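Count the sequence shown with the working numbering and you get residues 1262 to 1412, in order.
Yeah, the Cβ is synthetic: ideal placement off N, Cα and C, and Gly gets one too.
If you're wondering where the values come from, they're calculated on a predicted model, not measured in any experiment.
To start, the structure itself, in structure tokens.
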Amino acid sequence: DEYEVQKALSPGMPAPGFTLTDINGAEVALDDFLGKVVYLDFWASWCGPCLQQIPHAKELKKRMAGEDDLVFLYVSVDNDEEAWRNMVANREIEGVHVNVPGFSHEVPQSYNLRGVPTFYVIGRDGKIFDNRPPRPSQENVDEVLLTALRK
1262 DEYEVQKALS
1272 PGMPAPGFTL
1282 TDINGAEVAL
1292 DDFLGKVVYL
1302 DFWASWCGPC
1312 LQQIPHAKEL
1322 KKRMAGEDDL
1332 VFLYVSVDND
1342 EEAWRNMVAN
1352 REIEGVHVNV
1362 PGFSHEVPQS
1372 YNLRGVPTFY
1382 VIGRDGKIFD
1392 NRPPRPSQEN
1402 VDEVLLTALR
1412 K
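In structure tokens form, the structure reads like this:
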């Protein structure tokens, strides 16, 4: 069973779709970003390693400023919606923000989420480009994102 789950999330496979409400109350679907590259970040406000990535993510966004076809999509697994909203506002995290109530929600389940932070790169075609991409703090993250953007 585990093999089949991992196989379904391997590069070249369709990314599990979802539609959620963003931090501003608008409906956001993964399909809204077809034609763009999505750097998908599962995180939580209570997660120390997630918070350590925030300054690196800000630097990554500066380096990628000219790449209009790159979307930073944050899926929080916070049960406490107020904590999530406050963290996004207080840390000034730019990007598309959605929240699901915990790991048992269908979206984290569809991505076989075992912990946070967890990242995926979704290609322009809506398929998984990289199911274990580098974190924003890792040196080769730019190379992976730029390669996805060139495809």
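Taking a C-beta distance under 9 angstroms as the contact criterion, leucine 1321 and leucine 1406 qualify as a contact pair.
For tryptophan 1304, the enclosing beta strand (DSSP E) stretches over residues 1298-1304.
DSSP, reduced to helix, strand and coil, places histidine 1317 within a helical segment of the structure shown. In this structure threonine 1379 is buried. Its beta-carbon is surrounded by 16 or more other beta-carbon atoms within 10 angstroms. Here the alpha carbons of arginine 1393 and arginine 1385 stand approximately 17 angstroms from one another. The beta-carbon distance between arginine 1346 and isoleucine 1284, rounded to whole angstroms, is 6 angstroms. This is short enough to meet the 8 angstroms contact definition. Residue pairing by DSSP places alanine 1290 opposite Thr1280 in a beta bridge. With respect to the 9 angstroms criterion, serine 1365 and aspartate 1341 are not classified as neighbours on the basis of their beta carbons. In this model, asparagine 1401 and threonine 1408 are separated by some 11 angstroms (Cα to Cα).
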